[in-house]
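Peer 1: Can you read through this structure? Questions will come right after.
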Amino acid sequence: IIQTQLNKLDDKLRDDRLNLLQYLCISTETSDVVIQCYKQVFKKDNETCANLLCVISVKLNEQQLDDVTEFFMDGLVGKDDYIHNRCALSITKIALKLNERQLNKVFEFG
């Protein structure tokens, strides 16, 4: 429901709602929903979503961090330079939160 509503909102209202979602990351289940919302809206507002994924990364479990890291790594292979740079910057922002396996995966990817 939240994801469908985000697609129908104007830019300012969507940004406000996206910012509020970070405060819902209080359980694994709600964090999963928040991650999916950010990923869904990423193409429309990649700067906001990338920043917010980095903000919530401190609250995520290992599997969720895997998901976010994979999402950013996928953005590195696209043809859009802005998204490539945004994803690279985001990986650097969350790097200290990644475990050794996750970091190795990022380094092997590059």
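Under my numbering, the final residue of the sequence shown carries the number 970; numbering is consecutive throughout.
Yeah, the Cβ is synthetic: ideal placement off N, Cα and C, and Gly gets one too.
Predicted model, so just to flag it, every value in this text is computed and none were measured.
#1: For residue 801 and residue 902, I'd like the C-alpha separation in whole angstroms.
#2: Nearest-angstrom Cα distance between residue 906 and residue 946?
#3: According to the neighbour-count rule (16 or more other Cβ atoms, all chains shown, within 10 Å of its Cβ), is residue 938 buried or exposed?
#4: Unbroken beta strand (DSSP E) runs of length 3 or more, entirely within the stretch 887-954: which are they?
#5: Should residue 928 go down as buried or exposed, given a rule of 16 or more other Cβ atoms within 10 Å for buried?
#6: How many angstroms separate the CA atom of residue 920 from the CA atom of residue 891?
#7: What's the C-alpha gap between residue 912 and residue 893?
#8: Quick check on DSSP: helix, strand or coil for residue 964?
#9: I'd like to know whether the C-beta atoms of residue 951 and residue 967 end up nearer to each other than 8 Å.
#10: Within 10 Å of its beta-carbon, does residue 942 have 16 or more other beta-carbons around it, so buried, or fewer, so exposed?
Peer 2: Looking at the atomic coordinates:
#1: Residue 801 falls outside the range modelled here, since the chain spans only 861 to 970, and no answer is possible.
#2: 8 Å
#3: exposed
#4: none
#5: buried
#6: 7 Å
#7: 13 Å
#8: helix
#9: no
#10: exposed
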